[in-house]
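Right, one structure below, let's go through it.
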Amino acid sequence: MDAFWVSIAHAKPFSVGINCALGARDMRPYVAELSRLAGCYTSCYPNAGLPNAFGQYDEQPRDTGAALEEFAASGFVNIVGGCCGTTPDHIREIAARVASLAPRRRPDRDASTAFTELAGLETLTIRPDSNFQMIGERTNVTGSVRFARLIRAGNFGDAARVALDQVRGGANLVDVNMDEGMLDSERAMTEFLNYIATEPEIARVPIMIDSSKWSVILAGLKCVQGKPVVNSISLKEGEADFLAKAAIVKRYGAAVVVMAFDERGQADTIERKVAICQRAYALLTGRAGFDPTDIIFDPNVLAIATGLEEASTDGRAEPDEAPAGDLRLHQALLRASRLSADRAGHR
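Under numbering that gives the first Met the number 0, the first residue of the sequence shown is numbered 0, with each subsequent residue one higher.
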């Protein structure tokens with residue numbers, strides 16, 4: 000239930016609810032959990048119990064009404080009604096039972112307690128005291144010869160085992176990348192994500208849709224279940240392109256990795272890394288309406304060995320200077336994060 004809510008919360012629904020199913024009494028634990036999670040109104044329209052051997056419903060109006068009266072008295076629901084097997088008599092009984100009861104109060108969400116939440120079939124919550132999050136990257140055609148060979152052969156069954164091995168090995172997320180010149184990358188991304196969505200042990204963890212081609216990322220967003228992470232967008236093509244892509248990512252309900260690139264290229268100093276990340280944060284939260292907890296920065300800490308002459312000294316430091324340099328970068332990024340968070344009220 001929590002993964003379901005995390006997957007749809009970005010849409011800011013007016014109401015979310017449970018209907019049909021097993022009848023009101025057996026729906027109670029799910030209605031209670033949804034009421035706890037949802038920041039919007041909640042509803043419940045149960046069947047009149049389960050159908051009998053002849054497909055008829057035997058639950059009487061007083062029984063359905065009593066069950067929904069208890070839901071309302073417990074503060075679980077805002078909207079009630081009836082589904083399969085209910086009759087006008089059921090609806091009248093429900094209305095009479097809840098008429099004097101107060102509807103559920105929508106919970107106030109304190110921004111300071113918000114955490115990054117992602118979802119496959121299960122929720123992954125990243126808190127300030129969480130350990131490192133392990134991302135399985137063997138499902139990447141540029142990083143695994145075996146995986147690339149299987150994908151090129153169309154052997155998605157064995158390719159899925161690569162993902163399964165990563166999940167069993169402790170991966171919190173699975174990164175999927177299909178950027179290879181001999182592949183129809185958009186098709187490969189779609190087919191592989193659809194395939195692993197049928198494997199519950201893999202699908203329980205969130206997916207990181209990884210590509211340098213926007214069309215491949217978009218193909219992944221259109222079919223991935225849960226709440227994924229897009230890897231990545233940047234300011235490399237300017238603010239208009241950045242905001243347009245951010246709007247699409249937000250519409251699909253994904254979190255996003257932001258690379259420390261801008262119109263001048265890759266950030267290669269502490270000052271540029273911090274400045275680009277601050278600028279991207281301000282654009283995402285101020286103009287794109289992004290939740291700060293859905294933003295992940297990649298500040299290119301290892302921006303070395305590019306082959307460019309002007310970058311030949313990147314990462315170079317005397318042994319006694321390296322710790323101080325690393326510490327300065329950490330402190331600068333931490334200050335930038337705190338400054339941006341303070342501005343958004345998300346400290």
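The C-beta atom is built at its ideal place from N, Cα and C for all residues, glycine as well.
Residue span of the alpha helix (DSSP H) that contains Met188, given as start and end: Ser184 to Ile195
Stretch-stretch touch, CB-based, cutoff 8 Å, three pairs: the region 232 to 247 with the region 202 to 210: no
Among Ala147, Leu21, Pro227 and Val76, the one whose alpha carbon lies nearest that of Leu172: That would be Pro227, whose Cα lies nearest to the Cα of Leu172.
Where the beta strand (DSSP E) containing Gly16 begins and where it ends: Ser14 to Cys19
Endpoints, beta strand (DSSP E) assigned at Phe296: Ile294 to Asp297
Where Leu332 falls, given that 16 or more other Cβ within 10 Å makes a residue buried: Note that Leu332 scores 49 on pLDDT, short of 50, meaning its location in the model is unreliable and no value can be drawn from it.
Ordered list of alpha helix (DSSP H) runs contained in the region 234 to 289, each at least 4 residues: 238 to 250 and 269 to 285
Arg61 to Leu49 span [Cα, whole Å]: Looking at the two C-alpha atoms, the distance is approximately 16 Å.
Closer than 8 Å to chain D by CB, Pro127: Among the chains of the structure shown, chain D does not appear; only one protein chain is present.
Residue from Val175, Leu182, Asn130 and Met181 whose Cα sits closest to the Cα of Tyr194: Val175
Lys221 versus Leu117 - alpha carbon distance: 17 Å
Bridge partners - Val76, DSSP secondary structure assignment: In DSSP, Val76 forms no bridge with anything.
Length of the line joining the Cα atoms of Gln59 and Arg27: For Gln59 and Arg27, the distance between alpha carbons rounds to 18 Å.
Status (buried if at least 16 other CB within 10 Å, exposed otherwise) for Trp4: Counting Cβ neighbours within 10 Å, Trp4 comes out buried, since at least 16 surround it.
Alpha carbon of Leu182 to alpha carbon of Arg151, nearest angstrom: Answer to the nearest angstrom: the Cα atoms are 7 Å apart.
Segment contact flag, the region 243 to 263 with the region 16 to 23, C-beta cutoff 8 Å, min 3 pairs: no
Validate contact between the region 76 to 86 and the region 38 to 49 using beta carbons, cut 8 Å, 3 pairs: Flag = yes, the region 76 to 86 and the region 38 to 49 touch.
For Pro50, the residue or residues it bridges with in DSSP: Tyr56.
Residues near Val166 in its chain [Cβ-Cβ closer than 8 Å; skip 5 each side]: Gly135, Val173, Glu200, Ile201, Arg203 and Val204
Exposure of Leu338, with buried meaning 16 or more beta-carbon neighbours within 10 Å: Low confidence applies to Leu338: its pLDDT is 48, below 50, so where it sits in the model is not reliable, and the reading given next is rough at best. By the neighbour-count rule (16 or more Cβ atoms within 10 Å), Leu338 is not buried but exposed.
Alpha carbon of Ala47 to alpha carbon of Arg24, nearest angstrom: 10 Å
Under 8 Å between C-beta atoms of Ala246 and Ala187: no
Of the residues Thr138, Ala52 and Leu123, the one placed nearest Phe131, counting alpha carbons only: For the residues Thr138, Ala52 and Leu123, the minimum Cα distance to Phe131 belongs to Leu123.
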